[in-house]
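A quick write-up on the structure given underneath.
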Amino acid sequence: MSLVSLYEYQVKLDNHFVTPPFTLTLDAPGIYVLAGRNGSGKSLLLSAIAGQGKVVQGQRVCNGNIAEVSVFQQQALITQEKQKDSADILDVIAQPTTVRELFADTNNAFDTHPLYCELLRILRLESLLDNGFLSLSTGETRKVIIMMAWLSNASLILLDEPFEGLDAHAVDEFSQFLTHQSQASLLITANKLADIPQKINATLLIMDQLAIKSRSNSALSGDEIAQELGTWFALHSEVIALPAPIAEGNQSPFCGEELIVLKNGSVRFDDHTVFENLDFTLKAYQHWQIEGPNGSGKTCLLQMFTGDNPHCYTNDLTMFGIKRGTGESIWDIKKHIGIMSNALHMQYKVNASLEHVILSGFYDSIGLYSTPTAQERGVAEKWLAVLGLAEKKNAPFQSLSFGDQRLILIARSMVKHPAILILDEPCNGLDEFNRVKTRKLIEKIVHEGKSTVLYVTHSHDEKIPGIENTLSLTKYQG
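Using UniProt numbering, you'd call the opening residue of the sequence shown number 1 and step up by one each time.
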């Protein structure tokens with residue numbers, strides 16, 4: 001059953017801020033984790049879900065009652081109680097509202113609520129029931145707000161950073177409570193890993209730049225959410241930069257302006273022409289997106305560039321200043337290229353750790369069969385930190401999600417800072433969440449400007465910021 005549905009729903013809040021239009025459906029029963037960095041729009045979305053503000057456009061349908069636990073709600077209740085306590089403008093001396101009275105205002109039969117005793121114990125509020133609300137500490141008022149949410153019999157509870165202000169005991173007990181309570185569906189916001197309740201299973205929503213960027217296809221475990229968010233938060237950090245080359249001798253030495261020159265290129269198999277009349281020049285740091293439908297020759301073109309297709313010898317092709325077919329070694333070409341492709345991913349079945357997979361990029365091998373230097377290990381560790389996977393450096397590659405395996409393989413292709421980085425449909429087979437993570441890593445690589453990127457996709461809409469040039473193979477098909 002749909003609990004809340006927003007369709008292009010936009011509201012103006014009390015501070016005159018107009019939210020972006022949101023489209024989202026939350027089903028009941030359900031638990032959702034809404035993750036994003038500070039300023040990503042999480043609180044704005046919560047306001048829209050809660051029905052706050054004046055409607056600007058769109059539609060909101062709510063099939064239940066909603067309670068909110070947030071700093072905003074906490075401050076609002078404190079302000080309300082302080083106004084009651086303004087004795088100088090009242091004819092009577094105001095009596096401070098007690099915690100018990102707040103509970104009674106929320107639910108006349110609060111002390112018979114099925115969760116009353118459990119929450120009272122978890123939050124350690126029993127001794128504070130007859131205390132004035134305004135006499136409580138910040139953490140204690142937060143606990144009162146939490147308890148009021150459940151006592152209100154809400155069918156959806158919005159928990160904005162659920163453990164904010166709670167002591168260690170309360171965090172542990174409340175975290176466990178969230179995993180087994182069944183009264184309400186939950187929407188929990190998180191801007192750090194510590195906001196994720198332990199052992200929870202939840203649908204993961206990601207916000208960035210005031211928009212919902214992705215949604216997991218199914219409920220994820222707490223460990224899976226922590227792993228996904230560790231990578232997400234790391235890739236969206238503005239502080240972390242990509243690791244520098246360990247030494248000039250380990251970086252691609254080619255410094256010419258023209259990396260690839262293909263003149264009147266064509267590929268034919270028997271009577272079938274894949275493409276023809278293709279002139280293409282790749283200049284250093286001039287990033288390209290290569291696109292076209294299945295069968296248009298995208299992978300074939302890349303294999304010509306890497307020397308893995310014999311048509312590299314039947315065409316007028318110059319790579320790194322070397323004309324193909326003049327007796328050059330294939331390794332004279334490959335040493336300047338890093339590649340991540342579906343084929344490589346499918347081949348990488350060895351039982352290697354994450355660290356070893358990245359280190360194998362220094363040796364262009366599948367698996368690690370040489371002893372890496374301390375400097376190379378240092379670079380691998382830095383790449384793992386960029387991906388938010390530093391603590392998993394000894395974990396088996398196959399234990400990662402399919403999307404995070406892709407990120408590791410992209411890092412593997414970049415460790416030598418190749419003159420050309422070829423990314424052959426890197427988002428193929430990924431769900432939307434992992435597509436967003438992968439595109440963010442590629443965006444960082446493009447922004448750093450240390451390699452020239454050839455990004456291959458069959459989707460015209462899959463754009464990477466910083467990749468300004470497009471080669472469509474459709475127009476060259478026979």
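Glycine is no exception: its CB is placed at the ideal position from the N, C-alpha and C atoms.
- In this model, G230 and E391 are separated by some 10 Å (Cα to Cα).
- By DSSP's assignment, V55 forms a beta bridge with V11.
- The Cβ atoms of E425 and H447 do not sit closer than 8 Å to each other.
- The three-state reading of DSSP puts F133 in helix, counting H, G and I together.
- About 6 Å separates the beta carbon of V56 from that of V11, a gap short enough to meet the 8 Å contact definition.
- Exclusion of the five residues before and after S360 leaves A352, I366, G367, L368, R412 as the residues of its chain whose Cβ lies within less than 8 Å of its Cβ.
- Cα atoms of M319 and I339: separation of roughly 15 Å, rounded to the nearest angstrom.
- The DSSP-derived three-state label of N264 is strand.
- Residue pairing by DSSP puts Q289 in a beta bridge opposite Y455, T470.
- Assignment of T438 by DSSP, reduced to helix, strand and coil, places it in the helix class.
- A residue is called buried once 16 or more other Cβ atoms fall within 10 Å of its Cβ, and F269, having fewer, is exposed.
- P396 carries a strand assignment under DSSP once its states are collapsed to helix, strand and coil.
- Proximity to G222 across Y32, D461, V436 peaks at Y32, based on C-alpha coordinates.
- Contact check for N107 against N65 fails: the beta carbons are separated by 8 Å or more.
- Here the alpha carbon of S399 sits roughly 15 Å from the alpha carbon of G388.
- Between the beta-carbon of L134 and that of K82 there is about 7 Å, and that keeps the pair under the 8 Å contact cut.
- Contact check for G292 against T474 passes: the beta carbons are separated by less than 8 Å.
- Residues V171 of the same chain have their beta carbon placed closer than 6 Å to that of F163, with the five preceding and five following residues left out of the count.
- Y32 is bridged by DSSP to L187, T203.
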